[in-house]
Amino acid sequence: MAKFADIKGFVFDLDGVITDTSIFHSQAWHQVADKVGVKWDDSLADALKGISRMDSLNLILARDHKENDFTAAEKEALATEKNDNYLKLVAQMTPANILPGIQAFLDDLKAKGYLLSLASASKNSPLVLKHLGLSDYFTKSVDPASLKHGKPDPEIFRRGAEILNLDPAQCIGVEDAAAGVQSINGAGETSVGIGDPKVLAAADVNFTETAQLTLSNIEAAMA
Ligand code: B16
Ligand code: MG
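Everything in the sequence shown is counted per my numbering, starting at 18 for the first residue and increasing by one.
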C-alpha cells in the first residue's frame with residue numbers, strides 16, 4: 018500500500034459508492050431474471066456489481082445454464098429491456114440519492130486540491146451524475162465504451178489515473194464491488210472498498226458505510 022502523503026488523486030466508482038443505483042441495477046436485472054426463469058438471490062446481485070451490461074446478462078443466464086438458449090438479437094433485446102427498466106428508476110433520482118457523507122467527502126477533496134476522476138462501467142453515468150448535481154465534480158471520466166476489458170481487468174482504473182496525469186501509485190480507487198477492487202489492485206492503486214468486508218477482502222482499506230469515507234479515516238487506515 019502507498020503512503021498517504023503520496024496520494025494526489027481519487028478514482029471513483031459510481032454505482033454503489035457515490036449513489037445507491039446498485040439497488041436500481043439489481044431491481045432492473047431481477048425483472049429480466051424472472052422473465053427468463055433464472056432464480057434471483059443476493060449472491061447473484063453481488064456478482065453483477067461493476068460488471069458491464071452484456072457480461073451481466075451472460076452471468077445471469079449462465080446461472081441456469083441458459084447462455085446458449087438465446088440468439089445474439091434476443092440477448093440484445095433483453096439487455097435493452099433491463100436498461101429501459103433501469104432508466105425509469107434513474108429518471109426519479111435527485112441529489113437526495115447521493116450516499117451519506119459523499120458530498121462532504123467530494124467537497125473536502127476538491128478544497129484540498131486532490132484530482133478526481135470517474136471509473137464507472139456504466140454507460141449511463143453522465144446521466145446519473147447530472148441527476149445528482151455532480152457533473153462538475155467529474156469533468157474527467159473513463160468512457161466505458163472505449164475499454165477492451167471490463168472490471169475486474171485493471172484497464173478502467175489504470176485509465177482513471179492516466180486521465181489525471183498521475184501514476185497509479187499516487188491514486189486511491191474507491192469501489193463497492195469485488196470485481197472493482199480487483200481492478201484497482203491490478204492497476205497498482207490503493208484500494209478502498211465500501212461494503213461487506215467478506216465480499217471485499219482484497220481491499221487495502223475497508224469501510225462498511227460511505228459515511229466513514231473521510232480523509233482522516235483513510236489516512237489513519239493507511240498509517
Ligand atoms: P450500464 P459501476 C456498473 O457501474 C454497475 O455496478 C453494474 O451493475 C452495471 O451493470 C454496469 O455499471 C453497466 O451499467 O448498463 O448502465 O451501462 O459500479 O462500475 O459504476
Ligand atoms: Mg459499483
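Every residue, glycine too, gets a C-beta built ideally from N, C-alpha and C.
Contact annotation: residue 206 and residue 180 have beta-carbon atoms that are not nearer than 8 Å. According to DSSP, residue pairing for residue 209 in a beta bridge involves 191, 222. Closest option to residue 212, judged by alpha-carbon separation, among 85, 226, 240: 226. The DSSP-derived three-state label of residue 134 is strand. If only uninterrupted beta strand (DSSP E) runs of at least 3 residues are considered, those enclosed by the region 148-194 are 188-192. Distances between the C-beta of residue 154 and the heavy atoms of the ligand B16 are all 7 Å or more. Less than 8 Å divides the Cβ of residue 197 from the Cβ of residue 168. Within the chosen limit of 7 Å, the ligand MG does not reach the beta carbon of residue 226 with any heavy atom.
For residue 28, the enclosing beta strand (DSSP E) begins and ends at 26-29.
The closest heavy atom of the ligand B16 lies 7 Å or more from the beta carbon of residue 208.
Under DSSP, residue 115 forms a beta bridge with 36. Distance check between residue 162 and each of 154, 173, 59, 152 places 173 closest, using alpha-carbon atoms only.
Approximately 5 Å separates the beta-carbon atoms of residue 31 and residue 142; this is inside 8 Å, confirming the contact. With a contact defined as Cβ atoms closer than 8 Å, residue 34 and residue 83 miss out at about 31 Å.
For residue 73, the distance from the CB to the nearest heavy atom of the ligand B16 is below 7 Å.
Annotation: residue 183 to residue 130 spans about 14 Å, alpha carbon to alpha carbon. With a cut-off of 7 Å, the C-beta of residue 68 is classified as near the ligand B16, since at least one heavy atom of the ligand falls inside that distance. Our two residues, residue 20 and residue 223, have alpha carbons roughly 16 Å apart in a direct line. Residue 85 is classed as exposed because its beta carbon has fewer than 16 other beta carbons within 10 Å across all chains shown.
Fewer than three pairs of CB atoms, one per stretch, sit closer than 8 Å, so the region 146-163 makes no contact with the region 90-103.
Of the residues assessed, residue 237 falls on the exposed side of the cut-off, its CB having fewer than 16 other CB atoms within 10 angstroms.
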